[in-house]
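Asks: The structure that follows is given in the form of C-alpha cells.
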Amino acid sequence: MALTWTKLVFLHLLGYQHLRCSATLRHMRYTSNDQITEEVAKLLALKAQIGDEGKSKKFVLKTPKGARDYNPKQMAIREGVFKTIVECFKRHGAETIDTPVFELKDTLTGKYGEDSKLIYDLKDQGGEILSLRYDLTVPFARYLAMNKVNKIKRYHIAKVYRRDNPAMTRGRYREFYQCDFDIAGQYDLMIPDAECIKIVHEILTNLGLGDFVIKVNHRQILDGMFEVCGVPAEKFRTICSSVDKLDKTFWEDVRAEMIDEKGLDPVAADKIGKFVQMKGGPELIDQLLKDSPLTGSKAALEGLEAMKLLLKYCDIFGIQDKVSFDLSLARGLDYYTGIIYEAVLKGAETLPTKTGEQVGVGSVAGGGRYDGLVGMFDPKGKQVPCVGVSIGIERVFSIMEAKANAMKIRTTETEVLVASAQNGMLEERLKLCKELWDAGIKAKVAYKKNPKMLNQYQTAETSGIPIIAAIGDAELKNGTVTIRDTETRKEEQVSRADVISVIKDRCKLSATC
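All residue numbers in the sequence shown are consecutive under my numbering, ending with 1381.
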C-alpha cells in the first residue's frame, strides 16, 4: 500500500522523537534550529515525491503524436481494403512472410540516405542496439540473405515506424501499415518490373479511388542526367534526395536547397530544372535518344533503352494509358538501382505554388528495383536482384474513409440474429444459436433472458444483420423456425430440420451476408 503524506510525516516524527529521547544531554545541547531545518527539508522532499494527500493524479488521455485509434467502422473499411490488396497479391502468385518489428540498428542504418534520421532507435536491452523498422524492404533483404533465399515472390503487410513530422489529414503518420509485394530472383529485363506496375494498376482500379497516374523513371537515367548537368559524382545521391521533394514543394525551394545547403553550382541546378519538367511516353524516350545531352551518358542510354522495353510491356498489359515517363521522379532511398515508380491520384488534394502550378501532397504507391541490397547483408556479397512495390495504405484509408462518411458500413459479419417474442425462451435461443455456429453460420443472440422483440428487430436493422431466426411456443410445437428478412420484413415458416440449408441459401443470394 502506498504511504500517504500524513503517514510519512507521522513515521518521520516518531523517528525524530526516538532520536531525541535516546540522545545524551551532551547531544541534546547541540540539537539546534539547523537540525530542525534539515528535518523539515527532508519532509518537504518527501512531500514533493508523493504529492499532497487526497490530490488525484491527472492523466492526459491522447494517442502519441503521429498515431491514432480506429473505431469499428474505420476498421471495417481497413479490412475491406486489405482484402482487396491481398487478393491481388495472391492472384499474382505471392506467398507471405513476417519479420520482427525491430531490427539490429546496423541492419537499418546506411540504407535510407537522408531519411536515416527518421529511424526510431530503442534503448539498449541487454547488449543489442535495436531500432524499429523503417520499412519492410530492408528487413526482407536481410531475410533473404540470412535464409539463403535466391528466388521468391512474396507479400508482407505490417506496421512500420518513422520519426517524421506527421500530417494526419494527408495520411502521413509515425506508425502506419505498409503493404509490400516483391519479386526476388534473376529474371529477364523488365518482366517482373512491369508486373509490379500492373499490380499497382489493378489495386487502385479495384479500390475505386478515382483517376490516377503511375509515374516511372530509372536510376540510370537520373544518374546520367546529373552527370551531363555537371553534378559531381559524390553528390548524386544527395541531389537525388532534393529532387525527390518536388512532389511536396516548389522547384524554387528545391533549387535553393541544392545550391545553398548542398553546394551545387547554380548552372547545374538550372540544367536539372529543365530536365525535371519533361514527362510523356515512348515518344519522349525516342526524342531523348535522338536529340538530347543524355546521349552523352552511357548510364542514361542504358536506362532509356530499359524504359522503352518497360513501356512496351505496360502496353501489352493494357495499362499504358495510366503510365507516364516522368524525369522529376527520383525516390530518394539509396538502395534503388534501376526502375522506380510512384502512383499519384489525379484531382487529389494539392497545394498551389507561387507560379500557379499544383503540387500533389503525396503518392498512394511507390517502389522500384534494388539489385544491390541483399548483397549488403550476405557475408560473401552474393547479389539477389529484387523489384517491388509498396502500397501507401494510410493515404488510401484516408480517401476511403472520406468517401464512406455518408455510407452505412457494417462493422460485423453476423448473418443471423436468433430472437424470440416470448419470455422463458433463453435456453431454446441458445440451442438454436449453437446449431447455427456448429454449421459455420455467423449468428448472435441477445444477452438477456427476456428481451423485447422490438429491441431485437432494431438490433438487426441498426447492425445490418440480414436474417432473424425467431422461435416461440408455436415454433417449438410445430418443429419450425420463423425466418424474417430484415430489409423486406417478410417472414416464412421453415422446418427446423431445413433451417441450416435455407439460411445458407439465403446468404449466398444476399449481398449483406
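For glycine and all other residues, C-beta sits at the position ideal for the given N, C-alpha and C.
1) Return the bridge partner residues of Leu972 from the DSSP annotation.
2) Along the chain, where does the alpha helix (DSSP H) containing Ile1155 start, and where does it finish?
3) Can you tell me which of the three DSSP states Arg959 falls into?
4) From Leu1322 to Leu929, what does the alpha carbon distance come to, in whole angstroms?
5) Please report how far the alpha carbon of Met1275 lies from the alpha carbon of Thr1330, in whole angstroms.
6) Using a threshold of 9 Å, state whether the C-beta atoms of Asp1202 and Lys985 are closer than that.
7) What do you get for Asn1085, buried or exposed, if any count of 16 or more other CB atoms within 10 angstroms of its CB means buried?
8) To which residues of the same chain is Val1362 closer than 7 Å at the C-beta, ignoring the five residues directly before and after it?
9) Do Tyr1023 and Ala962 come within 9 Å of each other at the CB atom, strictly closer than that value?
10) Rank Leu1114, Leu1169 and Ala1062 by C-alpha distance to the C-alpha of Ile1184 and give the top, closest one.
11) Within the same chain, show all residues whose beta-carbon is closer than 7 Å to that of Lys1250, passing over the 5 residues directly before and after it, in chain order.
12) Below 9 Å between beta carbons: does that hold for Thr1354 and Gly1332?
13) What separation, rounded to the nearest whole angstrom, lies between the Cα atoms of Ala1026 and Gln1046?
14) Should Asn1195 and Lys1147 be called a contact, given that it needs their Cβ atoms to be closer than 9 Å?
15) By the DSSP assignment, the beta strand (DSSP E) with Asp1050 in it spans what residues?
16) Take the Cβ of Leu1377 as the centre, count every other Cβ of all protein chains shown within 10 Å, and call the residue buried at 16 or more, exposed below.
17) So for Ile1335, helix, strand or coil by DSSP?
18) For the 8 Å Cβ check, are there 3 or more pairs between the segment 940-955 and the segment 994-1002?
19) What does Asp1121 pair with, by DSSP beta-bridge criteria?
20) Are the CB atoms of Leu1077 and Val1232 within a distance shorter than 9 Å?
21) Grab the span of the beta strand (DSSP E) containing Glu1173 for me, first residue to last.
22) Name the residue from Asp992, Cys956, Val908 and Thr967 whose alpha carbon lies nearest to the alpha carbon of Lys973.
23) Taking C-beta to C-beta, are Ile1082 and Ala1211 nearer than 9 Å?
24) Would you report the Cα separation of Lys1345 and Glu1359, rounded to the nearest angstrom?
25) Going along the chain, which residues of its own chain have a beta-carbon closer than 7 Å to the beta-carbon of Ile1267, five neighbours each way excluded?
26) Please name the residue in Lys1176, Pro1034 and Ile1187 whose C-alpha comes closest to that of Met1058.
27) Just to confirm the assignment: which complete beta strand (DSSP E) runs, minimum length 3, are found wholly within the segment 1068-1103?
28) Could you say which of Val1284, Lys1271, Lys1317 and Thr1327 lies nearest to Val1367 if we only look at CA atoms?
29) So the candidates are Tyr1181, Val1017 and Ala1198; which of them puts its Cα closest to the Cα of Asp1112?
30) Tell me the rounded alpha-carbon separation between Met1014 and Asp1239.
31) Taking Cys956 as the reference, which of Asp1048, Val1028, Met1036 and Val1017 has the closest Cα?
32) Counting only runs that start and end within the segment 1247-1335, where is the alpha helix (DSSP H) found for 4 or more residues in a row?
33) Can you say whether Leu990 is buried or exposed, counting buried as having 16 or more other CB atoms within 10 angstroms of its CB?
34) Compute the distance between the beta-carbons of Gly1171 and Gly1092, then report whether it is under 9 Å.
35) Per the DSSP calculation, Phe1193 is bridged to which residue(s)?
Replies: Inspection of the coordinates gives the following:
1) Leu998
2) At residue 1155 the sequence reads Gln, which differs from the Ile that was named. Where Gln1155 is concerned, the enclosing alpha helix (DSSP H) stretches over Pro1150 to Lys1158.
3) helix
4) 38 Å
5) 13 Å
6) no
7) buried
8) Thr1348, Val1349, Ile1351 and Val1370
9) yes
10) Ala1062
11) Gly1243
12) yes
13) 6 Å
14) Per the sequence shown, the amino acid found at residue 1195 is Leu instead of Asn. Their beta carbons are under 9 Å apart, which means Leu1195 touches Lys1147 by this criterion.
15) Glu1043 to Ala1052
16) exposed
17) strand
18) no
19) Asp1121 is not bridged to any residue.
20) yes
21) It is not in any beta strand (DSSP E) - Glu1173 instead sits in the alpha helix (DSSP H) that spans Lys1166 to Ile1184.
22) Asp992
23) yes
24) 18 Å
25) Leu1077
26) Lys1176
27) 1080-1086
28) Val1284
29) Ala1198
30) 16 Å
31) Asp1048
32) 1261-1272, 1294-1306 and 1321-1331
33) exposed
34) yes
35) Val1084 and Gly1148
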